[in-house]
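In my numbering, the protein residues as written are 3 to 100. Each residue gets a CB set at the ideal place from its N, CA and C atoms; glycine is no exception. None of these values were measured; they are calculated from a predicted model.
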């Protein structure tokens with residue numbers, strides 16, 4: 003199963019709001035992620051730094067393309083823009099225990 007990772011930073015003073023929004027994640031957002039074949043999705047917080055990881059049952063390209071076309075994801079991203087900034091990163095896998 004393909005894996006996707008991402009990194010971001012929460013803007014100053016917005017950690018509590020970030021956590022609140024994920025505690026109250028929109029049901030339609032959860033449905034959209036599942037429809038994209040995304041599973042085992044986890045986000046870690048370290049200070050203001052975020053690291054996300056998820057697995058793609060239908061492949062990473064499918065999951066990323068599905069999200070890019072989704073109006074729900076677009077609305078979610080617009081709502082999150084004031085509180086976080088994504089990094090453009092493509093980390094290199096150096097180890098995997100199977």
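Between the segment 55 to 70 and the segment 32 to 39 there are three or more C-beta pairs closer than 8 Å, enough to call the two in contact.
Secondary structure at residue 66: helix, using DSSP grouped into helix, strand and coil. When DSSP states are grouped into helix, strand and coil, residue 99 belongs to the coil group. With respect to the 8 Å criterion, residue 85 and residue 20 are classified as neighbours on the basis of their beta carbons.
The shortest C-alpha to C-alpha distance from residue 44 to any of 51, 56 and 38 is the one to 56.
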